[in-house]
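Structure first, then comments.
This is the structure:
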């Protein structure tokens, strides 16, 4: 399945250029499971061949992520939690979206706050779904846009640069990223756990009378 999707992505970008990158990254952030681990590295390989400009590629990827994230954000903002959940239960199977994945992103947003919108752009699963709970929670739009742009720019640049470096071997990146998804999650959890522990330690300090 992944190989079939990858072949379709390659054809799509080869046909539409920067517009193809924008559309694919829009779909990924709009809850459609299009792997950016294929889209951006392949685009980077075309940069290495002199067919694309790296900054145009990164900007197209970033703007695509932003536009798709805004679609998901407003779905949550206007639809409210109950409506969003009903839509996922009824139609999620057609888009490979599970209620469990929505619950996970909602829980992370509720526990870790708005900053998770920025951090999630480099985390598996969450980078696709985090916009929904952000919209449901009525996160301020300027902050949502800023966090989304920063995180998406970093993600797009890193994947594109890897594609440039690897050239014709770009297709090995996707497999490695999927293998290390669990490592990325564990690392993220450890960072969050340390932050919470640090805050709790501060609050537990005895007050001076």
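In the working numbering, the protein residues as written are 350 to 558. Think of the CB as a built atom: it goes at the ideal place given N, C-alpha and C, for glycine as much as any other residue.
Assuming residue 374 contacts residue 413 under a Cβ cut-off of 8 Å, what Cβ separation, rounded to an integer in Å, is found between them? As a position in the chain shown, residue 374 is number 25, starting the count at 1. As a position in the chain shown, residue 413 is number 64, starting the count at 1. Yes, they are in contact, since the Cβ atoms of residue 374 and residue 413 sit about 3 Å apart, within 8 Å.
For residue 414, does the three-state DSSP call read helix, strand or coil? For the purposes of this step, residue 414 is taken as the residue at position 65 of the chain shown. It is helical.
Alpha-carbon spacing of residue 478 relative to residue 372, whole angstroms: Along the chain shown, one-based indexing puts residue 478 at 129. Along the chain shown, one-based indexing puts residue 372 at 23. Rounded to whole angstroms, residue 478 to residue 372 spans 17 Å at the Cα level.
8 Å CB neighbourhood of residue 415 in its chain, flanking five on each side removed: Along the chain shown, read from residue 1 onward, the residue named residue 415 stands at position 66. Closer than 8 Å at the Cβ level, and outside the excluded window around residue 415, lie 378, 494, 497, 498 and 501.
Nearest residue (CA-CA) to residue 488, options 426, 460 and 452: To locate residue 488, count along the chain shown from 1; it is residue 139. With distances taken between Cα atoms, residue 488 lies closest to 426.
Considering just the uninterrupted stretch of the alpha helix (DSSP H) at residue 471, what are its terminal residues? In the chain shown, residue 471 corresponds to position 122, counting from 1. Looking at the DSSP string, residue 471 is not in any alpha helix (DSSP H), and its letter there is neither H nor E.
Just the C-alpha distance for residue 535 and residue 390, rounded to the nearest angstrom, thanks. What you label residue 535 is simply residue 186 of the chain shown in a count that begins at 1. What you label residue 390 is simply residue 41 of the chain shown in a count that begins at 1. Because the pLDDT at residue 535 is just 49, under 50, the model does not fix this residue reliably, and the value given afterwards should be weighed accordingly. Cα-Cα distance, rounded: 24 Å.
How many Å lie between residue 380 and residue 368 at the Cα? Taking the chain shown and counting its residues from 1, one reaches residue 380 at position 31. Taking the chain shown and counting its residues from 1, one reaches residue 368 at position 19. In this structure, the straight-line span from the alpha carbon of residue 380 to that of residue 368 is close to 19 Å.
Does residue 492 come out as helix, strand or coil in the three-state DSSP assignment? Counting from 1 along the chain shown, the entry for residue 492 is found at position 143. Of the three classes helix, strand and coil, the one that applies to residue 492 here is helix, per DSSP.
Count the other CB atoms, across all protein chains shown, that sit within 10 Å of the CB of residue 401; report buried if there are 16 or more and exposed otherwise. Residue mapping note: residue 401 aligns to position 52 of the chain shown, counting from 1. So residue 401 counts as buried.
Residues in the same chain with beta-carbon distance under 6 Å from residue 410, minus the five sequence neighbours each way, listed in chain order, please. Stepping through the chain shown from its first residue, residue 410 is reached at position 61. Answer for residue 410: 370, 374, 389 and 505, listed in chain order.
Alpha helix (DSSP H) containing residue 379: first to last residue? Here residue 379 refers to the residue found at position 30 of the chain shown. Per DSSP, residue 379 lies in no alpha helix (DSSP H) segment and is marked neither H nor E.
Given residue 455, which residues of its chain have a CB within under 7 Å of its CB, disregarding the five upstream and five downstream residues? Sequence index remark: in the chain shown, residue 455 carries index 106 (1-based). Counting only Cβ-Cβ distances below 7 Å, and skipping sequence neighbours, we find 482.
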